[in-house]
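Worksheet: one structure, shown below.
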Amino acid sequence: GAGVSQSPSNKVTEKGKDVELRCDPISGHTALYWYRQRLGQGLEFLIYFQGNSAPDKSGLPSDRFSAERTGESVSTLTIQRTQQEDSAVYLCASSLGIAGGNYEQYFGPGTRLTVT
Amino acid sequence: GENVEQHPSTLSVQEGDSAVIKCTYSDSASNYFPWYKQELGKRPQLIIDIRSNVGEKKDQRIAVTLNKTAKHFSLHITETQPEDSAVYFCAANGASYDKVIFGPGTSLSVIP
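One line per chain: the protein sequences are E and G, in this order.
Heads up: the first sequence begins at 1 in our numbering, then just goes up one per residue.
Heads up: the second sequence begins at 1001 in our numbering, then just goes up one per residue.
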């Protein structure tokens, strides 16, 4: 079946502009995660959605970052007033979550963001 | 919150030798420990995971061990092959069940 998809695959933007990144999780997956991965670095947790519970936003680096999820489907990550240090690959992942008893995260291909 | 450390950051082994990557975690409530492999330019993928009710789990050439008392767990790859070359991330879930915190990663190179 279809995996996690993300769009756009690449985004180049000027410093100060806003960007919106999209994630389509696997159908039926209640949990959705956003990570940031800078070049050659690890997976930095940003935000986590689980069903209809309030999202865990503890990883968002500043108030310029926000994310929304509609029910148990699409999620968008918005970065306002982008800075050069925001340049990274933004990865989305989904899992069956607690209800499904399977915590394996399936990652999307990522969005490579370059802020010039 | 949970903190996961991982060593070494880079590891080179000869093809056929074994590779061991070690991780420690801080939250004693953690009960789920997955390992992900990320090949160059690709997305991370789960290769093995272990839950706190077992001390060891094997899957062909890969094994993971867990010591809950010491709060550390390790990945063992035997008979390494060039296609094992990748970055490996360990993770632990803290008290939030299915939210995991990843370690910084280990870049493994298998030299033919």
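Where is the CB? At the ideal position from N, CA and C, for every residue including glycine.
- Relative to chain E, which residues along the region 1085-1104 of chain G have a C-beta separation below 9 Å, given in chain order? Contact residues of the region 1085-1104 of chain G toward chain E are Val1087, Phe1089, Ala1091, Asn1093, Ser1096, Tyr1097, Asp1098, Lys1099, Val1100, Ile1101, Phe1102, Gly1103 and Pro1104 (C-beta to C-beta distance below 9 Å).
- Where do the ends of the beta strand (DSSP E) carrying Tyr48 (chain E) lie? Start and end: Glu44 to Gln50.
- Which partner residues does Ala67 (chain E) have in the DSSP bridge list? Beta-bridge partners of Ala67 (chain E) (DSSP): E:Leu77.
- Message: Please report whether the beta-carbon of Tyr1032 (chain G) lies at a distance below 8 Å from any beta-carbon of chain E.
- Response: For Tyr1032 (chain G), the nearest CB of chain E lies under 8 Å from its own CB, placing it at the interface with that chain.
- By DSSP, does Pro1112 (chain G) sit in helix, in strand, or in coil? In the three-state reduction of the DSSP assignment, Pro1112 (chain G) falls in the coil class.
- Query: Per DSSP, which one or two residues make a beta bridge with Tyr1025 (chain G)?
  - Reply: BP columns for Tyr1025 (chain G) point to G:Val1004.
- Spell out whether any CB of chain G is found under 8 Å from the CB atom of Phe49 (chain E). No, no contact with chain G.
- Item | Interface positions of the region 1008-1040 of chain G facing chain E (Cβ-Cβ less than 9 Å), listed along the chain | Here the close residues are Tyr1032, Pro1034, Tyr1036 and Gln1038.
- Closer than 8 Å to chain G by CB, Ser95 (chain E): True, the Cβ-Cβ gap to chain G drops below 8 Å.
- Query: In the DSSP assignment, what residue or residues form a beta bridge with Ile26 (chain E)?
  - Reply: DSSP links Ile26 (chain E) through a beta bridge to no other residue.
- Item | Rounded C-alpha distance that separates Pro1034 (chain G) from Val1100 (chain G) | Looking at the two C-alpha atoms, the distance is approximately 9 Å.
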